[in-house]
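These notes concern the structure reproduced below.
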Amino acid sequence: MVKDILKYVVDGEDYSISEDRKNITSRKKKYTFEDFGEEKGGTIQFIIVPREAAEDGTAYGFSTEEKLETWLKATNRFGEYKREKELEKRLKKERTPEMLEKIKQSQIEEVKKTTEKYENFLKKHNLKPEETEKRREILEDYDPFFKYKSHSLYLWDKVFPFFPWLFIGLRGGHSYCGKRYYRDYPDLGIFKDQSGRGFDNRASALIVDCGSYGTLYTDKYLKGAWMRFYTHVWTFDFATYSFNNSFSSARVY
Numbered sequence: 604m605v606k607d608i609l610k611y612v613v614d615g616e617d618y619s620i621s622e623d624r625k626n627i628t629s630r631k632k633k634y635t636f637e638d639f640g641e642e643k644g645g646t647i648q649f650i651i652v653p654r655e656a657a658e659d660g661t662a663y664g665f666s667t668e669e670k671l672e673t674w675l676k677a678t679n680r681f682g683e684y685k686r687e688k689e690l691e692k693r694l695k696k697e698r699t700p701e702m703l704e705k706i707k708q709s710q711i712e713e714v715k716k717t718t719e720k721y722e723n724f725l726k727k728h729n730l731k732p733e734e735t736e737k738r739r740e741i742l743e744d745y746d747p748f749f750k751y752k753s754h755s756l757y758l759w760d761k762v763f764p765f766f767p768w769l770f771i772g773l774r775g776g777h778s779y780c781g782k783r784y785y786r787d788y789p790d791l792g793i794f795k796d797q798s799g800r801g802f803d804n805r806a807s808a809l810i811v812d813c814g815s816y817g818t819l820y821t822d823k824y825l826k827g828a829w830m831r832f833y834t835h836v837w838t839f840d841f842a843t844y845s846f847n848n849s850f851s852s853a854r855v856y
């Protein structure tokens, strides 16, 4: 499995990333990541890290929704994108301040439990976070009385490998009659990691449980530029430099 994004295609132009993660190069120019961020920061609004990135290490960036949709149609992904946009409209609800506060407190408790459950799982099986295949093998050892049911995203404070582990776990939405629903996290700052700090503008890498996917947004309340991911992303260096920002909210399927 590829651990890093090695190729970044922006509006159809290829950029290769050096093994030491210091430079990014197109046919015309060689950049440092800082220079790339200065030139591209604010212009790239959408990033897709497809499932195939686990094998070929390629992510895709787009400056406009029109260019994004053209690529989605050319790669037979537009139908799924359209269905998810329609689901978003259908599930959008007006909520009172009291309801929003109740949701907030419930999510704080849920994220705490999800984070602790994942951390305890790693410790119990003596696993490193990046040993995702070993974790999958353990979870696939099915016990019908104790099935581990989870679609979750784990956001990490630093790029692998590292210690101590600082992360949060965000549970995805439920499934019903074959349809996957999402769960939104409008403000990552309210969720505390092992050091007691909130997670706004801190995520540097992510791991997903098998089958999970979602979107990270640069601004709170699911606004701003965004990165859609369908697999593990071991470093956000290419994304945060091109966005000239980090991530403040999330949607998890």
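Here this note's numbering is used: the sequence shown runs in plain steps of one and ends on residue 856.
We put the CB at the ideal spot given by N, CA and C, even for glycine.
Here the structure is a predicted model, which means the values were calculated and not measured.
In whole angstroms, what is the alpha-carbon distance linking residue 666 and residue 640?
For the purposes of this step, residue 666 is taken as residue 63 along the sequence shown, with counting starting at 1. For the purposes of this step, residue 640 is taken as residue 37 along the sequence shown, with counting starting at 1. Answer to the nearest angstrom: the Cα atoms are 14 Å apart.
Does DSSP classify residue 659 as helix, strand or coil?
Position 56 of the sequence shown, counted from the first residue, corresponds to residue 659. Here residue 659 sits in helix by DSSP.
Counting C-beta neighbours from all protein chains within 10 Å, is the total for residue 728 16 or more, i.e. buried, or is it exposed?
Locating residue 728 in the sequence shown gives position 125, where the first residue counts as 1. Looking at its Cβ environment, which holds fewer than 16 other Cβ atoms inside 10 Å, residue 728 is exposed.
Which residues bound the alpha helix (DSSP H) around residue 715?
For the purposes of this step, residue 715 is identified with residue 112 of the sequence shown, where counting begins at 1. From DSSP, the alpha helix (DSSP H) with residue 715 extends over 700–727.
Rounded to whole angstroms, how far is the Cβ of residue 660 from the Cβ of residue 625, which I believe are closer than 8 Å?
One-based indexing of the sequence shown puts residue 660 at position 57. One-based indexing of the sequence shown puts residue 625 at position 22. That pair is no contact at about 17 Å.
Consult DSSP for residue 791 and reduce its assignment to one of helix, strand or coil.
Within the sequence shown, the letter at position 188 stands for residue 791. Note: residue 791 maps to helix in three-state DSSP.
Pull the bridge partners of residue 808 from the DSSP assignment, please.
The residue labelled residue 808 in the question sits at position 205 within the sequence shown. According to DSSP, which records beta bridges pairwise, residue 808 is partnered with 759.
In whole angstroms, what separates the C-alpha of residue 615 from that of residue 817?
Residue mapping note: residue 615 aligns to position 12 of the sequence shown, counting from 1. Residue mapping note: residue 817 aligns to position 214 of the sequence shown, counting from 1. C-alpha separation (whole angstroms): 23 Å.
Helix, strand or coil for residue 619? Go by DSSP, reduced to three states.
Residue numbering aside, residue 619 sits at position 16 when the sequence shown is read from its first letter. In this structure, residue 619 counts as strand in the three-state DSSP scheme.
Could you give the residue range of the beta strand (DSSP E) that holds residue 831?
Translated into the one-based positions of the sequence shown, residue 831 becomes position 228. That run of the beta strand (DSSP E) goes 826–832.
When DSSP labels each residue in this structure, what does residue 741 get in the three-state scheme?
Locating residue 741 in the sequence shown gives position 138, counting from the first residue. Residue state, collapsed to three classes: helix.
Between which two residues does the alpha helix (DSSP H) carrying residue 818 extend?
Residue numbering aside, residue 818 sits at position 215 when the sequence shown is read from its first letter. Segment 817–822 is the beta strand (DSSP E) holding residue 818; no alpha helix (DSSP H) there.
Do residue 835 and residue 662 come within 8 Å of each other at the CB atom, strictly closer than that value?
Position 59 of the sequence shown, counted from the first residue, corresponds to residue 662. Position 232 of the sequence shown, counted from the first residue, corresponds to residue 835. No, the pair does not count as a contact, with Cβ atoms beyond the cut-off.
Whose C-beta lies closer than 7 Å to the C-beta of residue 711 among residues of the same chain, with five residues either side of it excluded?
Translated into positions along the sequence shown, residue 711 becomes position 108. 793 and 794, listed in sequence order.
If you run the structure through DSSP and keep just helix, strand and coil, what is residue 748?
Looking up residue 748 in the sequence shown gives position 145. In the structure shown, residue 748 sits in coil (DSSP, three-state: anything other than H, G, I, E or B).
Going by other Cβ atoms of all chains shown within 10 Å of its Cβ, with 16 needed for buried, is residue 787 buried or exposed?
The sequence position of residue 787 within the sequence shown is 184, counting from 1. Looking at its Cβ environment, which holds 16 or more other Cβ atoms inside 10 Å, residue 787 is buried.
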